[in-house]
Ligand code: GLN
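Residue numbers (the numbering used here): 93 to 594.
So, in structure tokens, the structure goes:
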């Protein structure tokens, strides 16, 4: 049995039964990181002492619970090692956001999600690589290094949460956290063949997530299967007084909601699945279209009613997203001034300090977004760009509202292509932006969505199925995804990680 390859639910069972210890599990994952992460480069910072300390504490709770016969009452993530995208703070652990501008910065507090996973017993392995400030679709915009796709080390893992996606796919953790502003959990999940979930806006606290575009950002889990994504979400979600946009709605037992789906031969009877015509476009990889259509066929065999639907403003989502996300980013990133955080290039005047620090500290994509965003917000252009884009955002949301009045779930591809070669799009921002064409509209609408493995292309690269539901319908989303997963075996395939000459 390979310990790092375990899912959360398998590991939890073995831990509770005393067949493995949390320390053994954490050590096995750390050993694997030490032996293969030089090829993958998923982690920016490793925290082995923190991990082993967490594992020892978990072993104490496990031992006590076994002696008292109360293992069923243990917090759900007791002893589970997981990874955190390096845009989310862990108290006292370096935070870079994949940027030079935060070099040397130690956050004085931890994110609410990290505290919640800690309270659920989880063990922190380290921080994973990301495109600088989560801006990108390949992890090539990291100022430190590019993460490689475990299925083919010459290809990107997707982005911006490419480090977390690759870490889950390569068994360098049992699960991980990412952030999704326009697709950064779902797109890398698709390209790495794992499950990735972007919750409803406000479902999970953003306190301690470094803001990129605050009205879009949401933290979500990466997992090896749907059950694990459900376990993670239950532990992460819920109201947080430190985040005024977090929702007060009670958090369901997402995993408990999955149990019912296995009982009948047509477990999806009564579920209406909409397939949007706009999500099958010329230029997309034919194998992606074929795999997704086949997955929709499986949902139908499982009892779902499939309906063609239309989301007519889909083609406007990309320009609207990049305009609004850049506008919000230009305001959010003003705080990196050479005074308060990380890098500080002192100049002769305050102005020169700002200029030097920001010129040296930010990479080209971040600078591009700040310029574009500041332009769209400037007097004289605000009405023509920012305001107009906000109006179109409302139309895009209205498309989803209308569609989701007729169907329960929307099924479509996550990404138009499978993992592309490192370097192929790095110097062409527009072609990089197209990587998110199927994911970003639901961030505009605040809806939950997930990606799950649904096939492979001719080069043995994974393909992802995206499922979308109405606000706070994560339970339904997970139930449909789980039913599909149980009827298929795509999620069981794992990459064989080779080595690469640098
Ligand atoms: N690729 C998109 C962007 O660069 C989405 C990133 C994200 O979701 N963080 O903005």
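Glycine included, every Cβ here is placed at the ideal spot set by N, Cα and C. Just so it is clear, the structure is predicted and the values come from calculations on it, not from any experiment.
In the structure shown, what three-state DSSP assignment does residue i receive?
{"i": "residue 180", "result": "strand"}
{"i": "residue 209", "result": "helix"}
{"i": "residue 150", "result": "helix"}
{"i": "residue 100", "result": "helix"}
{"i": "residue 459", "result": "helix"}
{"i": "residue 310", "result": "coil"}
{"i": "residue 155", "result": "helix"}
{"i": "residue 320", "result": "helix"}
{"i": "residue 365", "result": "strand"}
{"i": "residue 512", "result": "coil"}
{"i": "residue 245", "result": "coil"}
{"i": "residue 405", "result": "coil"}
{"i": "residue 397", "result": "strand"}
{"i": "residue 454", "result": "coil"}
{"i": "residue 296", "result": "strand"}
{"i": "residue 203", "result": "coil"}
{"i": "residue 547", "result": "strand"}
{"i": "residue 593", "result": "With a pLDDT of only 43 at residue 593, under the threshold of 50, the placement of this residue in the model should not be trusted, and no figure is reported."}
{"i": "residue 142", "result": "helix"}
{"i": "residue 494", "result": "helix"}
{"i": "residue 412", "result": "helix"}
{"i": "residue 521", "result": "helix"}
{"i": "residue 305", "result": "coil"}
{"i": "residue 329", "result": "strand"}
{"i": "residue 235", "result": "coil"}
Could you tell me the boundaries of the beta strand (DSSP E) in which residue i lies?
{"i": "residue 186", "result": "Premise fails: residue 186 is in no beta strand (DSSP E) and is neither H nor E."}
{"i": "residue 135", "result": "135 to 138"}
{"i": "residue 265", "result": "Per DSSP, residue 265 belongs to no beta strand (DSSP E) and is neither H nor E."}
{"i": "residue 566", "result": "Looking at the DSSP string, residue 566 is not in any beta strand (DSSP E); the run it does join, the alpha helix (DSSP H), is 566 to 579."}
{"i": "residue 289", "result": "287 to 290"}
{"i": "residue 532", "result": "Per DSSP, residue 532 belongs to no beta strand (DSSP E); it is in the alpha helix (DSSP H), 532 to 537."}
{"i": "residue 220", "result": "215 to 220"}
{"i": "residue 555", "result": "554 to 561"}
If I follow the unbroken alpha helix (DSSP H) through residue i, where does it start and stop?
{"i": "residue 381", "result": "378 to 393"}
{"i": "residue 351", "result": "348 to 351"}
{"i": "residue 193", "result": "No alpha helix (DSSP H) contains residue 193, which DSSP labels as neither H nor E."}
{"i": "residue 281", "result": "278 to 284"}
{"i": "residue 501", "result": "Counting along the chain, residue 501 falls outside any alpha helix (DSSP H), though it belongs to the beta strand (DSSP E) covering 501 to 505."}
{"i": "residue 172", "result": "No alpha helix (DSSP H) holds residue 172; DSSP gives it neither H nor E."}
{"i": "residue 435", "result": "Element bounds for residue 435: n/a, residue is neither H nor E."}
{"i": "residue 125", "result": "114 to 132"}
Is it buried or exposed, residue i, if we count other Cβ atoms within 10 angstroms and call 16 or more buried?
{"i": "residue 534", "result": "buried"}
{"i": "residue 593", "result": "With a pLDDT of 43 at residue 593, under the threshold of 50, the modelled position of that residue is not reliable, and no figure is offered here."}
{"i": "residue 558", "result": "buried"}
{"i": "residue 342", "result": "exposed"}
{"i": "residue 246", "result": "exposed"}
{"i": "residue 582", "result": "buried"}
{"i": "residue 358", "result": "exposed"}
{"i": "residue 196", "result": "exposed"}
{"i": "residue 609", "result": "Nothing in the structure corresponds to residue 609, since the chain is present only between 93 and 594."}
{"i": "residue 109", "result": "exposed"}
{"i": "residue 483", "result": "exposed"}
{"i": "residue 43", "result": "Within the shown structure, residues of the chain are numbered from 93 to 594, placing residue 43 beyond reach of any answer."}
{"i": "residue 338", "result": "buried"}
{"i": "residue 420", "result": "buried"}
{"i": "residue 160", "result": "exposed"}
{"i": "residue 541", "result": "buried"}
{"i": "residue 324", "result": "buried"}
Ordered along the chain, which non-local residues of its own chain (more than five positions away) have a Cβ less than 7 Å from that of residue i?
{"i": "residue 446", "result": "429 and 430"}
{"i": "residue 568", "result": "500, 501 and 561"}
{"i": "residue 414", "result": "525"}
{"i": "residue 400", "result": "367 and 369"}
{"i": "residue 595", "result": "The structure shown does not extend to residue 595, since the chain spans only 93 to 594, so no value can be given for it."}
Please work out which residues of its chain come closer than 6 Å, Cβ to Cβ, to residue i, disregarding the five sequence neighbours upstream and downstream, and give them in chain order.
{"i": "residue 340", "result": "331"}
{"i": "residue 531", "result": "275, 278 and 279"}
{"i": "residue 232", "result": "238 and 518"}
{"i": "residue 258", "result": "132, 134, 239, 242, 249 and 284"}
{"i": "residue 212", "result": "167, 168, 169 and 327"}
{"i": "residue 469", "result": "419 and 478"}
{"i": "residue 381", "result": "372"}
Suppose the cutoff is 8 Å on Cβ atoms and the five residues either side in sequence are ignored; what does the same chain contact list for residue i look like?
{"i": "residue 95", "result": "103, 112, 116, 117, 120 and 121"}
{"i": "residue 489", "result": "536, 537 and 538"}
{"i": "residue 319", "result": "99, 100, 101, 347, 350 and 574"}
{"i": "residue 427", "result": "433"}
{"i": "residue 263", "result": "94, 96, 97, 121, 124 and 586"}
{"i": "residue 457", "result": "223, 224, 227, 228, 233 and 521"}
How about residue i: is its Cβ closer than 6 Å to a heavy atom in the ligand COA?
{"i": "residue 292", "result": "Among the ligands present in this structure, namely the ligand GLN, the ligand COA is not found."}
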